[in-house]
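Engineer: With the first letter of the sequence shown counted as 1, position 349 gets the number 349 in UniProt numbering; the numbers rise by one all the way through. Beta carbons: idealized from backbone N, C-alpha and C, even for Gly. Since the structure is predicted, the reported quantities are computational estimates derived from the model, not experimental observations. Before I ask anything, here is the structure I am working with.
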Amino acid sequence: MVGDQHGPGGHFATNSVKGDVSGPVLQAGAVNEVHFHAPSEWKVTPAQLMRSPTAFVGRERELAELSASVPGGGLVVLTGIGGVGKTTLAVHWLRGLDEAGFDGSLVADLRGPASAAEVTEWFLLSLGVPAERIPLSAERRAALYRSMTAGRRLRVMLDDAVSAAQVRPLIPAGPGSVVVVTSRSWLSGLALDGARWLRVEPMDDADAVRLLEVVAGPSRVGADTGAAARLARLCGGLPLALSVVGARLLIRGRRPLSSEVRALTAEHERLARLTLEGDVSVSAALDVSYLDLDDRARAAYRACAWHPGREFGSAVLAAALGWPAPETEDAVATLFESGLVDEVADGRYALHDLVRLHGRAMGGEEVVRSMVEWYLDRTVAADLAVHPLRPRIGPAFAAPAAVFAGPEAGLAWAAVERANVRAAVEVAAERGWDELVWQFCEALWGQFLHTRRYGEWIELQRMGIGSARRCGNMRAEGRLRAQLGYAYAQLGQADDAAAQSRRALELARRGEDVPGEATAWEQLALALRRTDPEQALECLARSRELNERLGRDRGVALCRRRSGEVLADLGRFDEAADHLLAAAATMAELADPTQHARAIALVAEVRSRQGRADQARSVLVDALARMRAFGSPYYQAEILAMLGGVAERTGDATAAREAWSQAAALYEGVDDDKAGLMRSRLARDTGEDAPHRT
Numbered sequence: 001m002v003g004d005q006h007g008p009g010g011h012f013a014t015n016s017v018k019g020d021v022s023g024p025v026l027q028a029g030a031v032n033e034v035h036f037h038a039p040s041e042w043k044v045t046p047a048q049l050m051r052s053p054t055a056f057v058g059r060e061r062e063l064a065e066l067s068a069s070v071p072g073g074g075l076v077v078l079t080g081i082g083g084v085g086k087t088t089l090a091v092h093w094l095r096g097l098d099e100a101g102f103d104g105s106l107v108a109d110l111r112g113p114a115s116a117a118e119v120t121e122w123f124l125l126s127l128g129v130p131a132e133r134i135p136l137s138a139e140r141r142a143a144l145y146r147s148m149t150a151g152r153r154l155r156v157m158l159d160d161a162v163s164a165a166q167v168r169p170l171i172p173a174g175p176g177s178v179v180v181v182t183s184r185s186w187l188s189g190l191a192l193d194g195a196r197w198l199r200v201e202p203m204d205d206a207d208a209v210r211l212l213e214v215v216a217g218p219s220r221v222g223a224d225t226g227a228a229a230r231l232a233r234l235c236g237g238l239p240l241a242l243s244v245v246g247a248r249l250l251i252r253g254r255r256p257l258s259s260e261v262r263a264l265t266a267e268h269e270r271l272a273r274l275t276l277e278g279d280v281s282v283s284a285a286l287d288v289s290y291l292d293l294d295d296r297a298r299a300a301y302r303a304c305a306w307h308p309g310r311e312f313g314s315a316v317l318a319a320a321l322g323w324p325a326p327e328t329e330d331a332v333a334t335l336f337e338s339g340l341v342d343e344v345a346d347g348r349y350a351l352h353d354l355v356r357l358h359g360r361a362m363g364g365e366e367v368v369r370s371m372v373e374w375y376l377d378r379t380v381a382a383d384l385a386v387h388p389l390r391p392r393i394g395p396a397f398a399a400p401a402a403v404f405a406g407p408e409a410g411l412a413w414a415a416v417e418r419a420n421v422r423a424a425v426e427v428a429a430e431r432g433w434d435e436l437v438w439q440f441c442e443a444l445w446g447q448f449l450h451t452r453r454y455g456e457w458i459e460l461q462r463m464g465i466g467s468a469r470r471c472g473n474m475r476a477e478g479r480l481r482a483q484l485g486y487a488y489a490q491l492g493q494a495d496d497a498a499a500q501s502r503r504a505l506e507l508a509r510r511g512e513d514v515p516g517e518a519t520a521w522e523q524l525a526l527a528l529r530r531t532d533p534e535q536a537l538e539c540l541a542r543s544r545e546l547n548e549r550l551g552r553d554r555g556v557a558l559c560r561r562r563s564g565e566v567l568a569d570l571g572r573f574d575e576a577a578d579h580l581l582a583a584a585a586t587m588a589e590l591a592d593p594t595q596h597a598r599a600i601a602l603v604a605e606v607r608s609r610q611g612r613a614d615q616a617r618s619v620l621v622d623a624l625a626r627m628r629a630f631g632s633p634y635y636q637a638e639i640l641a642m643l644g645g646v647a648e649r650t651g652d653a654t655a656a657r658e659a660w661s662q663a664a665a666l667y668e669g670v671d672d673d674k675a676g677l678m679r680s681r682l683a684r685d686t687g688e689d690a691p692h693r694t
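Structural data, given as structure tokens:
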């Protein structure tokens, strides 16, 4: 059968059909659209959804969010690290939907990665299309799939998807269908298809223990609930890991949970033990994600795993890897998209504990030193920003790479990175990098002055003293012992404070370290202030003399300020005021806003004790404003406590309570003893002087 005619534009067109034909044949010079209508005999109801998982607990929040995200049908992506339970959650939720409202269920495992054309062929076969009627091209298969699903309401599960391109052709055409995609990656391209996302997180401790009960049996877990809770934490709430442990406990019925805890406690062995017969493995689940990465993303992943603390920014990774910031940020973005890192805040990332162990198993340990040195450099820079005039001895202070705009920026960075800096010090100590450890401890002085975390302060100073001794650095040891003595003095542990200060003095004299000797005399005075104030004044006079000889104006001013405080304790107010005013003048000349504000505040308190409360109040209000601009909660609380005392002396109980209430809130978590003192003042009506400061 042949037909000839002139086609569009006057071109001659020929079409022909040869061979046997059954059914009508369309002959046309031009065909704009072809609509395929599936024969009714192809209608088949697929039922491919797996049975409901037997070991399913919790996930109430996720189930509620799933139901809310696609109430009348739609596309939802479950994302999360391997082994977190995405597939189990998807099956459980899909099974919970009313089957009567759907025309079947389709399931495909897209890992491989399987091509969309292959999966479309499988779905068409499942919908009843004979194999010989399935088109060869991907485009025609997709068109036929849309035709086959146009009038159906289906439940579709696409498990372990790798890309949005895999998923898109498999979305049914008919309204009301529900498509659940699970993926380690975010598949952000599916936003164009109206997708909704649900991040599947590890289980909390309670649900993790419940899962152990379901797998291992309630009696096994109930026999040692403490060990069960420890196992839940060692598994990081990861359902795959919990299931492996539970199965092992079920099989080995006589093995106590405490033995399993001991087996998993060693970090370097934990992943190897979270395996059953080689085919169920946490490592294998994470290997899949790692192997999908390009070389740069793999390097970034390994570096993330070796980061000293839990959360981090991209800047420390860039320094460790020697990459420009944009390239590092791109690599971290890839890791986030792949589900291997979580974004815990804007620009801040973290790894699950088991992911961290997996990353370390891949290598990359050589970056650790660079990371620790990066944190030391920033800690030094922050300390210089907070106290630019204080003399230092650490080599890291010579030329730090980082510079902060001012004290507020330095303190803000320190607050964000506190845990990471602490972790960096501990890593340096574990690896024997003593030169770095003691420099960290010197550089943390300014932060500790403003935060007053005495327990951490004492612990780290002791660590630094040990490192300085191993380095044979008497000057560094003396500096850190003086700093340790200061902390003891603040806690009222006068004997310990005096012992450390005297040891610092001995080291300074032996090493002919005159600046160190001046500091040691000053710290010894703090230790003796309560028990022997006259001796404290003598120590301060010696320190002041040495500072004058060295030309250290700031050191002289600090000695004057401390002398003023001791004299005020003794009731020698005029002498105290003279010393404090001289200290304030010097600090103003040196442009040291913190110490200037502290000195004028102390002058105001002395004037208040002399009966000049009105003048004192205005000076304290000004000092408080300066401290607020600086951003130091502790020193703000100190001045508020003084304001409360001034208000009480003038009979203004309301103002006193307001000031003490604010002081208590600022002291809370910084200096609990002083917070308690403020609360006790609030609880009674009788007057009492503001707390002493050192």
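Just to confirm, is the Cβ distance from T531 to F440 under 8 Å?
Structural biologist: It is not a contact, given that the beta carbons lie outside the stated cut-off.
Engineer: Could you check the C-alpha separation between D98 and L271 for me, to the nearest Å?
Structural biologist: Computed Cα separation, rounded: 40 Å.
Engineer: Less than 8 Å between C-beta atoms, sequence neighbours within five positions excluded: which residues of the same chain meet that for residue 714?
Structural biologist: Within the shown structure, residues of the chain are numbered from 1 to 694, placing residue 714 beyond reach of any answer.
Engineer: Which of the three DSSP states, helix, strand or coil, is assigned to R196?
Structural biologist: Here R196 sits in strand by DSSP.
Engineer: I'd like to know whether the C-beta atoms of V556 and T586 end up nearer to each other than 8 Å.
Structural biologist: Contact flag set, yes.
Engineer: Which whole-angstrom value is the C-beta distance of I465 and A487, which I expect to be below 8 Å?
Structural biologist: I465 to A487, Cβ: 12 Å. No contact.
Engineer: Which value, in whole angstroms, describes the spacing of the CA atoms of M463 and T654?
Structural biologist: Looking at the two C-alpha atoms, the distance is approximately 46 Å.
Engineer: How far does the beta strand (DSSP E) with D109 in it reach, from first residue to last?
Structural biologist: Segment 105-109, the beta strand (DSSP E) holding D109.
Engineer: Output the distance between the C-alpha atoms of L276 and R248, rounded to the nearest integer angstrom.
Structural biologist: About 8 Å.
Engineer: Give me the residue from L570, A415, A577, L124 with the minimum Cα distance to V670.
Structural biologist: Nearest option by C-alpha distance: A415.
Engineer: I want to know whether the stretch 77-89 touches the stretch 184-202 - three or more CB-CB distances under 8 Å.
Structural biologist: Yes: at least three Cβ pairs fall under 8 Å.
Engineer: So, does the stretch 353-364 touch the stretch 413-428, judging by three or more C-beta pairs under 8 Å?
Structural biologist: Result no; under three Cβ-Cβ pairs closer than 8 Å.
Engineer: How far does the beta strand (DSSP E) with R348 in it reach, from first residue to last?
Structural biologist: Element bounds for R348: 348-350.
Engineer: Checking 8 Å against the spacing of the C-beta atoms, do S467 and G485 come in under that value?
Structural biologist: Going by C-beta atoms, S467 is not nearer than 8 Å to G485.
Engineer: Name the DSSP beta bridge partners of T182, please?
Structural biologist: T182 is bridged to L78.
Engineer: Could you name the residues that DSSP lists as bridge partners for S618?
Structural biologist: In the DSSP output, where bridge partners are listed per residue, S618 has none listed.
Engineer: So for V341, helix, strand or coil by DSSP?
Structural biologist: V341 falls in the coil class under three-state DSSP.
Engineer: Should the stretch 364-373 be called in touch with the stretch 307-326, which here means at least 3 C-beta pairs below 8 Å?
Structural biologist: Yes, they touch.
Engineer: Secondary structure at L154, three-state DSSP: helix, strand or coil?
Structural biologist: Correct three-state label for L154: coil.
Engineer: Just mark V450 as buried or exposed, buried being the case when its beta carbon has 16 or more other beta carbons within 10 Å.
Structural biologist: Per the sequence presented here, residue 450 reads as His, with Val not at that position. Buried is the call here.
Engineer: Thinking C-beta only, is A297 closer than 8 Å to A331?
Structural biologist: Yes, these two residues count as a Cβ contact at 8 Å.
Engineer: Could you have a look at T451 and say whether DSSP puts it in helix, strand or coil?
Structural biologist: It is helical.
Engineer: Could you check which residue in M627, P593, V646 has the C-alpha nearest to that of R612?
Structural biologist: R612 has its Cα closest to that of V646, out of M627, P593, V646.
Engineer: Of the residues R510, Q493, R552, which one's Cα is nearest the Cα of R529?
Structural biologist: It is Q493 whose Cα lies nearest to the Cα of R529.
Engineer: Measuring straight from C-alpha to C-alpha, what distance separates G217 and V209?
Structural biologist: Roughly 11 Å between the two C-alpha positions.
Engineer: By DSSP's criteria, residue 699 is part of a beta bridge. Which residues make up the other side?
Structural biologist: Outside the modelled stretch of the chain, which goes from 1 to 694, sits residue 699, for which no answer is possible.
Engineer: Sorted by chain position, which residues of the same chain lie with C-beta nearer than 8 Å to S22's C-beta, five sequence neighbours on each side aside?
Structural biologist: With a pLDDT of 38 at S22, under the threshold of 50, the predicted position of this residue should be treated as unreliable, though the coordinate-derived value follows. Result list for S22: empty, nothing under 8 Å.
Engineer: Pick helix, strand or coil for D159, following the three-state DSSP scheme.
Structural biologist: If DSSP states are grouped into helix, strand and coil, D159 belongs with the strands.
Engineer: Buried or exposed: which applies to R681, given that a residue is buried once 16 or more other Cβ atoms fall within 10 Å of its Cβ?
Structural biologist: Result: buried.
Engineer: Is the stretch 285-304 close to the stretch 125-145, with three or more CB pairs under 8 Å?
Structural biologist: They do not touch, by the three-pair rule.
Engineer: Could you check what DSSP says for T519 in three-state terms: helix, strand or coil?
Structural biologist: It is helical.
Engineer: Identify whether T88 lies in helix, strand or coil by the three-state DSSP scheme.
Structural biologist: Looking at T88 - three-state DSSP - the assignment turns out to be helix.
Engineer: What are the complete alpha helix (DSSP H) segments, minimum 4 residues, inside the stretch 617-692?
Structural biologist: Runs found: 633-649, 653-667, 672-683.
Engineer: Quick one: using the 10 Å Cβ neighbour count with 16 as the cut-off for buried, is H268 buried or exposed?
Structural biologist: It is exposed - the Cβ of H268 has fewer than 16 other Cβ atoms within 10 Å.
Engineer: Look up S281 in the DSSP assignment and give the residues it is bridged to.
Structural biologist: Looking at the DSSP assignment, S281 forms a beta bridge with T275.
Engineer: Could you check which residue in V162, A116, A165, D159 has the C-alpha nearest to that of Y145?
Structural biologist: Nearest option by C-alpha distance: A116.
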